[in-house]
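To start, the structure itself, in structure tokens.
Chains as they are written, first to last, in the working numbering: chain A, 1428 to 1861; chain B, 11 to 320.
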């Protein structure tokens, strides 16, 4: 008799009706949006702050090199001593004092000082440095008799057009888009496994501690119970994720509407905006759109569904087996370690190696190893992976999944009836023969 | 009498440990079958094999004429020793869920549950969570869930643990009623007084082997020692004692009586009948008390286990 739907329904409802689950579902988006808003707010406050820098240029080299902007005002002093300039700087409550002493052009570079009350921000200093460097460099060239206008004329800006051998154009923007797709998919899978794998494990332990397990498996096969648990919990997880995404979307809009906080000011989004603003001209924007269309969207969606499901099921059967092997959550550590390690290896290879070099040896190899392949492959696919490679990797994943479920079910079957002592790895292997 | 369940030559090993060694039992239809034995004798393993939770290494089980197969779970109701319910699930939902797992439809389950809940006067528990109920209350729910699908074979492992005497009696009466309605019951326990009260047949397991089985009365008959407990009064008790000792094998006995009697256990030799003893006593003393010593299930249990350990 097939009781799977009944079990899935119960597991789903048990999760969804759980108070802490409901709380998490509705509270997490609130917290996330609140934190994002806070960061965005602080960033905007930071940006709005106007800094004044007092400049004492005794050398006379600067000569309007530093031009005031909305956020930075340069106040030039002249004909006063350094000590007095410091006083003026403090009185004016300016951010700091830039001092160029009266030295010859060749020696001045090592004598420039910046005085401030607190240690200045790194970006501000390097900004000043590069401006002064450029100015003094130009002056030196001039002194050597070089015509600056010729240098300007000789300056070249290269924006390489990328194109593959089939003649399909790609661009940096396109790479960024791929990076976003792959990264998001890999990260989603990683989070999903961590959160809901644990949930499955806990629910197995709960059945053991409440001693209902023997009653249930006198009616259904343990493997049915295990699969029902995995599917039911996953459905609850998908529900939770969907609510999260919707709520975060709605709340972000609401937050930016009511409080005027621009959430796009968060660092990651700025990065994206930066990449897109590279598409400064119309043609590049069009390139972006065509880039989006040229992504193997159908392949992406199908691969996402397959690898996500495969990877998740593979790991969740391991979590279920661990739950069955122990009596309480504190005992899970020794068995969880290797599982989490595998997951983390997949994550790191995916996010550091595969994003950097999607077709390198390491990325390719790890996209075949079943425990890392779901994450690594999902990250690689947007950059173009031949279908046969995907199919091969997926086949390996499915074969491993079936072997793992078989093993996990064995451990599960024996483990759920074992109480008392904490099993060792050796005993787990013995259980496979019971 | 026909047999409902027949387990033949069952052996089961867990690694090095042998849990069952060539055990066979026959459970007659409409009987209450006591599965007895010290801790770790293999009772639970045997019960799990009957429930298809564990598979035997060797041997086979036949239920109602057919080899055991997965569909049979709905003909079996099992109350395990390690039992419990989902703590945070409501009583009603939970009972419905477990009943449906046993193959009842939602409607059937609901109908029968209403009947049982009214019978036990616990309808107001329906929407409570198990964690709000006491242990005894939860046990009642568990009992109802076990018998709800009207199984042919009921297996109770220590059914009375966790019940107060009143509720234990209630459950005992229900078990007897179920037997009278045609169910067969396998009953595993350490409590020998309930074995005396309930069981028609028993099997005794010890160190993974079956060391005794059969009809309880037959077993008692075969274990009786032809000993009679007597209480006698006479004008000269000392002479009487000597007279009896010359004729029979007698030892002092302990029992309650209102008279200041001579209390003896008299064991008859094979050539003597109870009537010979009565005639002899009648001629020499006043008989206040005369009863055959029937071995209790407890005595048989302890003695058999001891003998087999030697």
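Every residue gets a Cβ at the ideal spot worked out from N, C-alpha and C, and that includes glycine. All of these numbers come straight from a predicted model, not from anything done at the bench.
- Query: Going along chain B, which residues have a C-beta under 9 Å from residue 1837 of chain A?
  - Reply: Within chain B, no residue comes near residue 1837 of chain A; the closest Cβ sits about 12 Å away, beyond 9 Å.
- Message: Using 8 Å as the threshold, is the C-beta distance between residue 1458 of chain A and residue 1522 of chain A below it?
- Response: no
- Task: Tell me whether the beta-carbon of residue 1770 of chain A lies closer than 8 Å to the beta-carbon of residue 1619 of chain A.
- Result: no
- Going by Cα to Cα distance, which pick from A:1634, A:1805, A:1507, A:1462 is closest to residue 93 of chain B? A:1634
- Message: Beta-carbon within less than 6 Å of residue 272 of chain B's beta-carbon, same chain only, minus the 5 sequence neighbours each way: which residues are those?
- Response: 242, 247
- Taking only beta carbons into account, state which residues of the stretch 254-278 of chain B come closer than 8 Å to chain A, listed in chain order. none
- Query: Any residues in the stretch 80-91 of chain B with a beta carbon nearer than 9 Å to a beta carbon of chain A? Which ones, in chain order?
  - Reply: 80, 81, 83, 84, 86, 87, 88, 89, 90, 91
- DSSP state of residue 41 of chain B mapped onto helix, strand, coil: coil
- From residue 1859 of chain A to residue 1455 of chain A, what distance separates their C-alpha atoms? 41 Å
- Message: Tell me the rounded alpha-carbon separation between residue 316 of chain B and residue 1444 of chain A.
- Response: 55 Å
- Query: Counting along the chain, where does the alpha helix (DSSP H) carrying residue 318 of chain B start and finish?
  - Reply: 307-319
- Neighbourhood of residue 155 of chain B by C-beta distance below 6 Å, restricted to the same chain and skipping five residues each side: 105, 108
- Message: Suppose the cutoff is 7 Å on Cβ atoms and the five residues either side in sequence are ignored; what does the same chain contact list for residue 1545 of chain A look like?
- Response: none
- Query: Should residue 299 of chain B go down as buried or exposed, given a rule of 16 or more other Cβ atoms within 10 Å for buried?
  - Reply: buried
- Task: State the Cα-Cα distance for the pair residue 1579 of chain A and residue 1569 of chain A, rounded to the nearest angstrom.
- Result: 13 Å
- Task: Taking C-beta pairs closer than 7 Å, name the residues in chain A that residue 61 of chain B reaches, listed in chain order.
- Result: 1645
- Query: Starting from residue 286 of chain B and walking both ways along the alpha helix (DSSP H), at which residues does that stretch end?
  - Reply: 284-294
- Hey, could you find the ends of the alpha helix (DSSP H) residue 150 of chain B is sitting in? 145-157
- Message: For chain A, check one thing: does any of its Cβ atoms lie closer than 8 Å to the Cβ of residue 108 of chain B?
- Response: yes
- Item | Reduced DSSP category for residue 234 of chain B - H, G, I as helix; E, B as strand; rest coil | coil
- Message: As a quick exercise: from B:91, B:81, B:101, pick the residue whose alpha carbon is nearest that of residue 112 of chain B.
- Response: B:81
- Message: Checking 8 Å against the spacing of the C-beta atoms, do residue 96 of chain B and residue 1639 of chain A come in under that value?
- Response: yes
- Query: Do residue 30 of chain B and residue 60 of chain B have their C-beta atoms closer together than 8 Å?
  - Reply: no
- What are the start and end residues of the alpha helix (DSSP H) that includes residue 1567 of chain A? 1549-1570
- Is the shortest distance between the beta-carbon of residue 1437 of chain A and the beta-carbons of chain B less than 8 Å? yes
- Query: Do residue 215 of chain B and residue 51 of chain B have their C-beta atoms within less than 8 Å of each other?
  - Reply: yes
- Message: DSSP has residue 1677 of chain A in a bridge; who is on the other side?
- Response: None; residue 1677 of chain A has no bridge partner.
- Message: Can you list, in chain order, the residues of its chain with a C-beta nearer than 7 Å to that of residue 41 of chain B? Leave out the 5 residues immediately preceding and following it.
- Response: 194, 210, 211
- Taking 8 Å as the cut-off, decide whether the C-beta atoms of residue 158 of chain B and residue 123 of chain B are in contact. yes
- Query: DSSP on residue 121 of chain B, reduced to helix/strand/coil?
  - Reply: helix
- Going by beta carbon distance, what residues of the same chain come within less than 6 Å of residue 36 of chain B, once the five residues before and after it are set aside? 13, 16
- Presumed contact (8 Å Cβ cut-off) between residue 147 of chain B and residue 307 of chain B, rounded CB distance: Not a contact, Cβ separation roughly 31 Å.
- Give me the Cβ distance between residue 1825 of chain A and residue 1795 of chain A, rounded to the nearest whole Å; I'm assuming they're in contact under 8 Å. Rounded, the Cβ-Cβ distance is 13 Å, inconsistent with contact.
- Is residue 1438 of chain A near residue 1655 of chain A, with beta carbons less than 8 Å apart? yes
- Cross-chain neighbours of residue 93 of chain B in chain A, by beta carbon under 8 Å: 1638, 1639, 1641, 1642
- By how many angstroms is the C-alpha of residue 1432 of chain A removed from the C-alpha of residue 1448 of chain A? 22 Å
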